[in-house]
Amino acid sequence: MRWRGGQHPTLDAITRLMHEEHLRPYVWVNAPNCRLPVRSHGYAKTIFCVQGSLEIVIPDTGQRLTLGAGDRLDLPRGMRYGTIVGPSGAQCIEGSPA
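Count the sequence shown with the working numbering and you get residues 11 to 108, in order.
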């Protein structure tokens, strides 16, 4: 989901939202242009980009999704994806069902 509105949500606001959705949030930061290999998880995952940008690559469908500040992506359990962090790095918050 693309963030629509003025100021993108803060880390605190996203954390509160995730708790309201019964997700366990955790924050990660990666350096510019970092590449994370294709992987999958045995649980659904929600990713919010807080600062910077990242590209999510879904090899099974050929999709490439770029997330900027405030954008959200919900990945179903078992979906394979890789990540390429943008040129300014990225701070993200992820959550999985509690």
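Glycine included, C-beta positions come from ideal geometry on N, C-alpha and C. Note that the structure is a prediction, hence the values are computed from the model and not measured.
query, result
"Buried or exposed by the 16-neighbour rule on C-beta atoms within 10 Å, applied to ASP81", "buried"
"C-alpha gap between ILE94 and ASN43, whole angstroms", "6 Å"
"LEU64 burial status per 10 Å Cβ neighbour count (16 or more: buried)", "buried"
"DSSP state of THR20 mapped onto helix, strand, coil", "coil"
"Local conformation of GLU65 per DSSP, three classes", "strand"
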